[in-house]
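Chemist: Protein sequence lines correspond, in order, to chains A and B. The first sequence: position 42 = 47 (my numbering), numbered continuously. The second sequence: position 376 = 377 (my numbering), numbered continuously. Backbone N, C-alpha and C fix where the C-beta goes; we use that ideal spot for every residue, glycine too. As the structure is a computational prediction, the values presented were derived from the model and not from experiment.
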Amino acid sequence: MDNLRELYQEVILDHNKNPRNFRAMENPDGFAHGANPLCGDQIDVYLNLKDGVVEDVSFDGHGCAICTSSASMMTIELKGKTEAEALALFESFHHALTDDEPHPNDVPLGKLKVLTGVKEFPVRVKCATLAWHTFDAALKKVQGDISTE
Amino acid sequence: MSNTDQYDVASIRNDFPILGEKIHGKPLVYLDNAASSQHPAQVINAVKELYESGYSNIHRGVHQLSQDATKAYENGRSAVRGFINADCMHEVVFTSGTTESINLVAQSYARPRLQKGDEILITHMEHHSNIVPWQIVCEQTGAELKVVPISDRGELEMDRFAELLNERTALVSVTQVSNALGTVNPVAEIIEAAHALGVPVLVDGAQAVPHIPVDVQALDCDFYAFSGHKLYGPTGIGVLYGKEKLLNAMPPYQGGGDMILSVSFDGTTYNTLPYKFEAGTPNIAGVVGLGAAIEYVQKTGLGAIAAHEYGLLEYATSELKQIDGLRIIGEADHKAGLISFVLDQVHPHDIGTMLDAEGVAIRTGHHCAQPVMERYKIPATARASFGMYNTLQEIDVLVEAIHKTIGMFS
Ligand SMILES: Cc1ncc(COP(=O)(O)O)c(C=O)c1O
Ligand SMILES: [Zn+2]
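(1) At the level of alpha carbons, what is the spacing between A:Val119 and A:Ile81?
(2) Measuring CB atoms only, is the segment 391-400 of chain B touching the segment 26-35 of chain B, in the sense that at least three cross pairs come out at less than 8 Å?
(3) Could you check what DSSP says for B:Arg376 in three-state terms: helix, strand or coil?
(4) Please state the DSSP three-state secondary structure of B:Leu115.
(5) Does the distance from the C-beta atom of B:Phe278 to that of B:Gly338 stay below 8 Å?
(6) Using DSSP bridges, identify the partner residues of B:Gly268.
(7) State yes or no: is the C-beta of A:Val123 within less than 8 Å of the C-beta of A:Leu12?
(8) Looking at chain B, is there any beta carbon in it that lies within less than 8 Å of the beta carbon of A:Gly122?
(9) Looking only at its chain, what residues have a beta carbon closer than 6 Å to the beta carbon of B:Phe162, apart from the 5 residues adjacent to it on each side?
(10) To which residues does DSSP link A:Asn53 through a beta bridge?
(11) Which residues have their C-beta within less than 5 Å of a heavy atom of ligand 1, listed in chain order?
(12) Kindly say whether A:Gly35, judged by its beta-carbon, lies nearer than 8 Å to any beta-carbon of chain B.
(13) Taking the alpha carbon of B:His129 as the reference point, which residue from B:Arg169, B:Ser152, B:Thr99 has its own alpha carbon closest?
(14) When you check each C-beta in the segment 106-132 of chain A against every C-beta of chain B, which residues fall closer than 9 Å?
(15) Whose CB is closer than 6 Å to a heavy atom of ligand 2? List the residues in chain order.
(16) Hey, B:Pro349 and B:Ala381: beta-carbon distance below 8 Å or not?
(17) In whole angstroms, give me the CA-to-CA distance for B:Asp1 and B:His91.
(18) Go ahead and pull the three-state DSSP assignment for B:Lys405.
(19) Please report the residue range of the alpha helix (DSSP H) in which B:Asn46 lies.
(20) In whole angstroms, give me the CA-to-CA distance for B:Ile329 and B:Pro187.
(21) If we cut at 8 Å on Cβ distances, does A:Gly45 have a partner in chain B?
(22) Looking at the unbroken alpha helix (DSSP H) that takes in B:Asn104, where does it start and where does it end?
(23) Go ahead and pull the three-state DSSP assignment for A:Lys146.
(24) Go through its chain and collect everything with a Cβ distance to B:Thr96's Cβ below 6 Å, but skip five positions before and after it.
(25) Does DSSP put B:Gly143 in a helix, in a strand, or in coil?
(26) Helix, strand or coil for A:Ala40, going by three-state DSSP, please let me know.
(27) Using the C-alpha atoms, what's the distance from B:Thr318 back to B:Ser341?
(28) Identify, in the order they occur along the chain, each residue of the same chain with its Cβ nearer than 6 Å to the Cβ of B:Met374, setting aside the five sequence neighbours on each side.
(29) Near B:Thr71, what residues of its chain come up, given a Cβ to Cβ distance below 7 Å and the 5 sequence neighbours on each side ignored?
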């Protein structure tokens, strides 16, 4: 049960019940669909960039508590970050859930730290990282669009 | 319930070593039998004894061990024959499992016969292994896959089946018990209707053989497929039953050793049934384990097992229905011991993690039946499935763990 409390912390349960930035965006600069076929998590991530800074990011779809709360927290953390900062945070978050050793270039996780209890539940790591992978895909699309323009 | 009262579940549980295990410090409550069941000591020992004192390759050896192993292997076939009441031994083909059995029929029976415009008829509640092999063969031949819809309660729409079955239908392939909904389908009725049009029928018995006595001759099915690992036997072993006339007319599925009588570079003479379909060194220990599992199940009797599991199903259904916000997916009149459910507030994936912490093993996800999930517009379900060793007390533990889960998330 202690492990479970680590996993399902109050903050996480709250984000699951009341996900922030849970909405589709009308004309996003970037958009991607992410799916975790193992448990049926399906989310869409929408993204607006301005001068290389994440101006707005939102998501919708349906997922488990870990997936939904991770997506919700991600949207809060990403707003106002540059592309490089956003990707560095993604990488550090990913390391925290999958690697035992800290990486030298890891940036502080801030509020995302509550999600690191997922590390004790390896089958659930994909739930926690799905939103980030989907954001990454949306961002790459924007970058792709820009580079072909 | 009188059957259930006499049923000695305590002594059955004693036969299954794994049921004494603790998970996260709690006694294991194993309710994932539809995915794979556990093994009694009788099965474990049969495999152990084979390896310790009776193992060799089969068929080709003149030495004693090879003869012993060959005998043990063919005894396994004899056990299967009796278990499903096949007319003769050579109608029992060993495969690696249900999946391979269905692929064998798709490639060896259907593919050479199918033409553009022909139809294969399946249902909306099939496991992916009874969908994808047909999609592949349809792609190869230009035939078309037709699907019998299911009702909100999870029953086949039999009037739609009657409409979809027609002179273009080349084969009907249907599951006897749905792994996602628990529905027991009226396969006898389906076979009779198909035969009236001269259409052969494959029955996917993967979820049926552990729970329902099966008689392939009484059913008059043309093919019947099942796996050992859902029947308290080993993984990697399964069965394809086929009527002799059909099997004889089919080309081999794979080429290799054991499936030939003679090989020369001018040509090869195929072996007789069932060896024609058993290319290469087979899963000898798997067959021995499966034979032991069948013997074990027959000792208790599938009738008694079915009655016991029905008691579990009834009890669990009524208990789960009392839980606020819980919805059972699949409420057919005729069900085997399996309950799929969703909770209003909690995603199935979270239910699975919460129950695991209480020692309760259930399955969550789409259960390799994504069309069923789409049909009910849900991403996944939680599924508790019962076996011959489960108890009413274990259902109480399940119910308690679900209450805890809801408490945590509300
Ligand atoms: C109805 C049904 N058919 C086929 C299969 C496939 O069985 P196997 O994976 O043993 O080949 C399953 C297994 O879950 C099943 O439930
Ligand atoms: Zn998930």
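Modeler: Concretely, from the data shown:
(1) Taking the first residue of the first sequence as 1, we reach residue 119 of chain A at position 114. Taking the first residue of the first sequence as 1, we reach residue 81 of chain A at position 76. For the pair A:Val119 and A:Ile81, the Cα-to-Cα distance works out to about 14 Å.
(2) In this structure the segment 391-400 of chain B touches the segment 26-35 of chain B; the number of beta carbon pairs closer than 8 Å is three or more.
(3) Position 375 of the second sequence, counted from the first residue, corresponds to residue 376 of chain B. DSSP places B:Arg376 within a helical segment (H, G or I) once states are collapsed to three.
(4) Here residue 115 of chain B corresponds to residue number 114 of the second sequence, with the count starting at 1. Coil at B:Leu115, not helix or strand.
(5) Here residue 278 of chain B corresponds to residue number 277 of the second sequence, with the count starting at 1. Here residue 338 of chain B corresponds to residue number 337 of the second sequence, with the count starting at 1. Contact: no.
(6) By 1-based counting over the second sequence, the position of residue 268 of chain B is 267. Secondary-structure assignment with DSSP links B:Gly268 through a beta bridge to B:Ser265.
(7) Against the first sequence, residue 123 of chain A aligns to sequence position 118. Against the first sequence, residue 12 of chain A aligns to sequence position 7. Yes, they are a contact pair.
(8) Start at 1 with the first residue of the first sequence, and residue 122 of chain A comes out as number 117. Judged by the 8 Å Cβ criterion, A:Gly122 is not in contact with chain B.
(9) For the purposes of this step, residue 162 of chain B is taken as residue 161 along the second sequence, with counting starting at 1. So the qualifying residues of the chain are Val149.
(10) In the first sequence, residue 53 of chain A corresponds to position 48, counting from 1. A:Asn53 pairs with A:Asp61.
(11) Near ligand 1, meaning a beta-carbon closer than 5 Å to one of its heavy atoms, we find B:Gly98, B:Thr99, B:Thr100, B:His128, B:Ser130, B:Thr176, B:Asn180, B:Asp205, B:Ala207, B:Gln208, B:Ser228.
(12) Counted from its first residue, the first sequence places residue 35 of chain A at position 30. No, no contact with chain B.
(13) What you label residue 129 of chain B is simply residue 128 of the second sequence in a count that begins at 1. The shortest C-alpha separation from B:His129 is found at B:Thr99.
(14) From the segment 106-132 of chain A, only Phe126, Val128, Arg129, Cys132 have a Cβ closer than 9 Å to chain B.
(15) This criterion selects A:Asn41, A:Cys44, A:Asp46, A:Gly68, A:Cys69, A:Ile71, A:Cys72, A:Cys132, B:His350.
(16) For the purposes of this step, residue 349 of chain B is taken as residue 348 along the second sequence, with counting starting at 1. For the purposes of this step, residue 381 of chain B is taken as residue 380 along the second sequence, with counting starting at 1. Their beta carbons are under 8 Å apart, which means B:Pro349 touches B:Ala381 by this criterion.
(17) Nothing in the structure corresponds to residue 1 of chain B, since chain B is present only between 2 and 411.
(18) Taking the second sequence and counting its residues from 1, the one referred to as residue 405 of chain B is at position 404. It is helical.
(19) Indexing the second sequence from 1 puts residue 46 of chain B at position 45. For B:Asn46, the uninterrupted alpha helix (DSSP H) run begins and ends at 42-50, by DSSP.
(20) Here residue 329 of chain B is taken as the residue at index 328 of the second sequence, counted from 1. Here residue 187 of chain B is taken as the residue at index 186 of the second sequence, counted from 1. Approximately 21 Å, taken between the alpha carbons.
(21) Working through the first sequence from its first residue, we reach residue 45 of chain A at position 40. A:Gly45 counts as touching chain B.
(22) Sequence index remark: in the second sequence, residue 104 of chain B carries index 103 (1-based). That run of the alpha helix (DSSP H) goes 99-105.
(23) Within the first sequence, numbered from 1, the residue matching residue 146 of chain A stands at position 141. Here A:Lys146 sits in helix by DSSP.
(24) Taking the first residue of the second sequence as 1, we reach residue 96 of chain B at position 95. Within the same chain, B:Thr96 has close Cβ partners Ser102, Gly239, Leu241.
(25) Taking the second sequence and counting its residues from 1, the one referred to as residue 143 of chain B is at position 142. Reduced to three states, the DSSP call for B:Gly143 is coil.
(26) In the first sequence, residue 40 of chain A corresponds to position 35, counting from 1. It is a strand residue.
(27) By one-based count along the second sequence, residue 341 of chain B stands at place 340. By one-based count along the second sequence, residue 318 of chain B stands at place 317. Cα to Cα, the separation comes out at about 10 Å.
(28) The residue you call residue 374 of chain B lines up with position 373 of the second sequence. These residues qualify, in order along the chain: His367.
(29) What you label residue 71 of chain B is simply residue 70 of the second sequence in a count that begins at 1. Contacts found: Ile59, His60.
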